[in-house]
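Using full-length UniProt numbering, you'd call the opening residue of the sequence shown number 1 and step up by one each time.
Even for Gly, the Cβ is constructed at its ideal location relative to N, Cα and C.
Shown next, in structure tokens, is the structure this report addresses.
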Amino acid sequence: MLDEKGFVRPTYDEIVQQESAKWVQLFGENAQTNAHSVGGILIRIHSYFMDKLYQLAEVIYNSQFVDSATGTTLDQLGANVGLTRLPAQVAMGSVTFYGKIGYTVPAGTLVRTPDGLEYVTSEETTLTDTGESGLTTDDRAYIQLPADSNGNIPNLGSGTSHYLYANKTGANYNKANKTSAIMVNSNENIRYVTVEEISGGADQETDINFRDRINLSNRTVAPSSPYNGIITAIEKVTGVTAVRIIANDTMVDDTTTNTPAKSIHIYVNGGYKNDVAEAIFNSVSAGVSTVGQQKIDVTDIAGGKHTICFDYPTTQDVYVSIKLTKTNEYPLDGDEQVKKIVMKYINEVGMGNTVYYSYLYRLIYDQVPGIQVADIKIGTSKDSLAAQDITLTNVETAQVTAEKVMIS
Numbered sequence: 001m002l003d004e005k006g007f008v009r010p011t012y013d014e015i016v017q018q019e020s021a022k023w024v025q026l027f028g029e030n031a032q033t034n035a036h037s038v039g040g041i042l043i044r045i046h047s048y049f050m051d052k053l054y055q056l057a058e059v060i061y062n063s064q065f066v067d068s069a070t071g072t073t074l075d076q077l078g079a080n081v082g083l084t085r086l087p088a089q090v091a092m093g094s095v096t097f098y099g100k101i102g103y104t105v106p107a108g109t110l111v112r113t114p115d116g117l118e119y120v121t122s123e124e125t126t127l128t129d130t131g132e133s134g135l136t137t138d139d140r141a142y143i144q145l146p147a148d149s150n151g152n153i154p155n156l157g158s159g160t161s162h163y164l165y166a167n168k169t170g171a172n173y174n175k176a177n178k179t180s181a182i183m184v185n186s187n188e189n190i191r192y193v194t195v196e197e198i199s200g201g202a203d204q205e206t207d208i209n210f211r212d213r214i215n216l217s218n219r220t221v222a223p224s225s226p227y228n229g230i231i232t233a234i235e236k237v238t239g240v241t242a243v244r245i246i247a248n249d250t251m252v253d254d255t256t257t258n259t260p261a262k263s264i265h266i267y268v269n270g271g272y273k274n275d276v277a278e279a280i281f282n283s284v285s286a287g288v289s290t291v292g293q294q295k296i297d298v299t300d301i302a303g304g305k306h307t308i309c310f311d312y313p314t315t316q317d318v319y320v321s322i323k324l325t326k327t328n329e330y331p332l333d334g335d336e337q338v339k340k341i342v343m344k345y346i347n348e349v350g351m352g353n354t355v356y357y358s359y360l361y362r363l364i365y366d367q368v369p370g371i372q373v374a375d376i377k378i379g380t381s382k383d384s385l386a387a388q389d390i391t392l393t394n395v396e397t398a399q400v401t402a403e404k405v406m407i408s
């Protein structure tokens with residue numbers, strides 16, 4: 001029914017009660033309406049379809065409001081204010097190969113990180129002399145080529161490509177820090193692989209995030225702070241999940257935030273850097289200086305070049321220790337399932353939010369069978385693991401890799 005409070009949908013049981021009362025009114029007090037009578041069966045069949053119609057009416061009624069619309073209807077409401085849902089996007093970054101000097105890694109080479117994600121090169125990469133006979137990796141392993149026929153260890157070659165693409169779309173392919181990788185198809189000429197600065201990967205925008213952008217756009221239609229305009233413009237970039245602005249309106253440099261006088265320091269989580277720079281350029285007022293480690297040249301409509309600066313958030317490494325008491329229902333790949341669940345949650349915690357260790361209990365209990373008891377501890381180092389939450393600063397994001405999740 002529709003009244004001053006809006007649309008109120010009757011439940012299936014309420015429909016049955018109403019139709020039963022009408023049946024008795026029409027056919028007398030002795031008319032049978034129980035579930036096993038002819039009248040009761042007819043009432044319940046009709047009530048079932050009426051319930052479906054009421055559900056449809058409720059969806060149609062709610063679809064006119066941004067806060068309750070979903071799916072395609074929400075897309076149409078977004079289009080009314082000039083917004084479209086952000087599509088899924090592949091991540092892009094850099095890869096470095098170490099191996100035999102002069103070897104050329106062909107385009108289309110697949111590499112895989114420890115979490116099982118694969119990336120593909122889009123250009124040939126030729127290895128040049130590093131001047132060193134070996135390399136000490138981040139995990140303290142020493143990499144070198146085998147000795148030649150004279151017993152000499154040749155120098156190690158290296159080559160870097162800045163056009164590495166994720167094999168599929170998704171935000172889980174983003175990696176801010178350097179990460180080791182392996183060749184999907186092993187090659188004796190390559191001894192070690194690393195990937196780094198992989199960003200821009202995005203899942204299709206969810207209803208919740210798209211709804212927030214629509215509401216933000218509606219709020220900034222009226223006269224508003226220019227900072228809101230900057231945030232709105234950057235959040236339209238595919239892959240961007242959060243924006244923070246640190247403004248210094250004084251004549252004194254702010255050394256605590258590395259923000260010079262009369263400038264703004266923008267932190268952006270996600271998105272291709274060129275797309276982010278373009279959004280900043282189109283929204284920042286003329287004469288306002290931007291600062292940050294990412295420096296991108298943007299061209300105006302007259303052909304003039306301008307340097308736009310911003311920063312991606314710093315990453316806070318998270319370590320996880322999980323001790324499990326398992327039953328016979330625990331799957332053979334249960335440890336890998338738990339690792340993926342942990343990494344998905346922590347890596348998706350937004351900039352400036354909190355990593356809640358208690359959330360991990362619910363996630364692994366709900367998704368992995370055969371766990372009788374779990375003891376979970378997290379920390380920012382192997383030596384500080386505890387049953388604790390980790391609160392990120394406004395310009396930090398959490399990151400955990402497979403080797404940082406220890407399961408016993």
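Hey, does residue i have any beta-carbon neighbour from chain D nearer than 8 angstroms?
{"i": "V298", "result": "Here there is only one protein chain, and chain D is not present."}
Using 8 angstroms as the threshold, is the C-beta distance between residue i and residue j below it?
{"i": "I364", "j": "T380", "result": "no"}
{"i": "Y119", "j": "A171", "result": "no"}
{"i": "S91", "j": "Y173", "result": "The amino acid occupying residue 91 in the given sequence is Ala; Ser does not appear at that position. Yes, Cβ-Cβ distance for A91 and Y173 is below 8 angstroms."}
{"i": "G102", "j": "G157", "result": "yes"}
{"i": "Y227", "j": "A247", "result": "yes"}
{"i": "K236", "j": "A277", "result": "no"}
{"i": "V111", "j": "A181", "result": "yes"}
{"i": "S199", "j": "G270", "result": "yes"}
{"i": "G134", "j": "T121", "result": "no"}
{"i": "N152", "j": "T130", "result": "no"}
{"i": "T290", "j": "S263", "result": "yes"}
{"i": "M343", "j": "A386", "result": "no"}
{"i": "Y319", "j": "K273", "result": "no"}
{"i": "T126", "j": "G159", "result": "yes"}
{"i": "N394", "j": "R244", "result": "yes"}
{"i": "D253", "j": "P260", "result": "yes"}
Taking buried to mean at least 16 other C-beta atoms within 10 Å of its own C-beta, is residue i buried or exposed?
{"i": "D275", "result": "buried"}
{"i": "R140", "result": "exposed"}
{"i": "Y192", "result": "buried"}
{"i": "I208", "result": "exposed"}
{"i": "F210", "result": "buried"}
{"i": "G78", "result": "buried"}
{"i": "F27", "result": "exposed"}
{"i": "F310", "result": "buried"}
{"i": "L42", "result": "exposed"}
{"i": "V400", "result": "buried"}
{"i": "A302", "result": "exposed"}
{"i": "T354", "result": "exposed"}
{"i": "V288", "result": "exposed"}
{"i": "V38", "result": "exposed"}
{"i": "Q76", "result": "exposed"}
Pop quiz: residue i and residue j are said to be a contact at Cβ under 8 angstroms. What is the actual Cβ separation, rounded to whole angstroms?
{"i": "K295", "j": "T314", "result": "Actually they are not in contact, since the Cβ atoms of K295 and T314 sit about 17 angstroms apart, beyond 8 angstroms."}
{"i": "V268", "j": "F281", "result": "Not really, about 13 angstroms apart at Cβ, beyond 8 angstroms."}
{"i": "A69", "j": "N62", "result": "7 angstroms"}
{"i": "I378", "j": "L324", "result": "The Cβ separation is near 15 angstroms, so there is no contact."}
{"i": "T179", "j": "E197", "result": "Contact doesn't hold; Cβ gap of about 10 angstroms is too wide."}
{"i": "V105", "j": "E124", "result": "7 angstroms"}
{"i": "Y48", "j": "P10", "result": "Wrong, their Cβ atoms sit about 13 angstroms apart, outside the cutoff."}
{"i": "Q372", "j": "T327", "result": "5 angstroms"}
{"i": "Y12", "j": "D51", "result": "4 angstroms"}
Nearest-angstrom Cα distance between residue i and residue j?
{"i": "A398", "j": "G350", "result": "8 angstroms"}
{"i": "Y98", "j": "N189", "result": "9 angstroms"}
{"i": "D317", "j": "Y356", "result": "15 angstroms"}
{"i": "L83", "j": "I214", "result": "7 angstroms"}
{"i": "residue 409", "j": "F7", "result": "Since the first and last residues shown for the chain are 1 and 408, residue 409 lies out of range."}
{"i": "G292", "j": "P146", "result": "43 angstroms"}
{"i": "I60", "j": "P87", "result": "25 angstroms"}
{"i": "T255", "j": "P369", "result": "51 angstroms"}
{"i": "E205", "j": "I346", "result": "19 angstroms"}
{"i": "L74", "j": "N218", "result": "14 angstroms"}
{"i": "P114", "j": "K175", "result": "12 angstroms"}
{"i": "Q32", "j": "I45", "result": "15 angstroms"}
{"i": "I231", "j": "G352", "result": "16 angstroms"}
{"i": "T128", "j": "K100", "result": "8 angstroms"}
{"i": "I143", "j": "K404", "result": "22 angstroms"}
{"i": "S283", "j": "D212", "result": "19 angstroms"}
{"i": "D138", "j": "N258", "result": "29 angstroms"}
{"i": "K168", "j": "D333", "result": "23 angstroms"}
{"i": "K22", "j": "N34", "result": "14 angstroms"}
{"i": "S384", "j": "T194", "result": "27 angstroms"}
{"i": "P223", "j": "A374", "result": "Unreliable placement is indicated for P223, whose pLDDT of 47 sits below 50; no coordinate value is reported for it."}
{"i": "N187", "j": "Q64", "result": "58 angstroms"}
{"i": "D148", "j": "K340", "result": "42 angstroms"}
Less than 7 angstroms between the CB of residue i and some heavy atom of the ligand PLP, yes or no?
{"i": "I346", "result": "Absence of the ligand PLP from the depicted structure is noted, as is the absence of any ligand whatsoever, leaving it without description."}
To test your reading of the DSSP string, which unbroken beta strand (DSSP E) runs of 3 or more residues are found completely within the UniProt domain "Baseplate protein J-like barrel" (94-132)? Complete beta strand (DSSP E) runs here, min 3: 110-112, 118-121.
Can you give, in chain order, each stretch of the beta strand (DSSP E) that sits fully within the stretch 299-370 and has at least 3 residues? Taking only runs of at least 3 residues, the beta strand (DSSP E) segments lying wholly in the stretch 299-370 are 305-310, 314-317, 319-326.
Suppose only complete runs of 4+ residues qualify. What are the alpha helix (DSSP H) ranges in the stretch 168-255, listed by chain order? Fully enclosed alpha helix (DSSP H) runs of no fewer than 4 residues occupy 207-219, 226-235 of the stretch 168-255, in order along the chain.
Would you list, in sequence order, the uninterrupted beta strand (DSSP E) runs of no fewer than 3 residues that lie entirely inside the stretch 32-97? Listed in chain order, there is nothing to give.
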